[in-house]
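First up is the structure itself, then whatever we jot down about it.
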Amino acid sequence: MSFDQILFEKELKKAIGLMTSEECLELKAWCITQFGDKFQDTISLVFAKDEQQLDTQLVN
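For the sequence shown, the UniProt record's numbering gives the first residue as 1, with consecutive numbering after it.
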């Protein structure tokens, strides 16, 4: 994992923490369009974790 990938993941997690669910969906689409060729695995991983957290919150 390169420094760029680590920084991208950190900033993406920070941004997601400040957004509504709808905004997160828009961010995910934008990230895939803009950075999908370089960070597809990171994008998928971060948004999968975010979706799991939302599911957990809805259940509780």
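Note that CB positions come from ideal geometry on N, CA and C, so glycine has one too.
Please classify residue i as buried or exposed, where buried requires at least 16 other C-beta atoms within 10 Å of its C-beta.
i, result
"Phe39", "buried"
"Leu12", "buried"
"Leu58", "Note that Leu58 has pLDDT 47, beneath the 50 cutoff, so the model's placement of it is unreliable and the number below is only indicative. Exposed, because fewer than 16 other Cβ atoms sit within 10 Å of the Cβ of Leu58."
"Asp50", "buried"
For residue i, report the span of its alpha helix (DSSP H) as first-last.
i, result
"Leu7", "3 to 17"
Less than 8 Å between the beta carbons of residue i and residue j, yes or no?
i, j, result
"Ala15", "Leu7", "no"
Quiz item: Between the stretch 37 to 45 and the stretch 13 to 26, do three or more beta carbon pairs fall short of 8 Å?
Solution: At 8 Å Cβ cutoff, the stretches do not touch.
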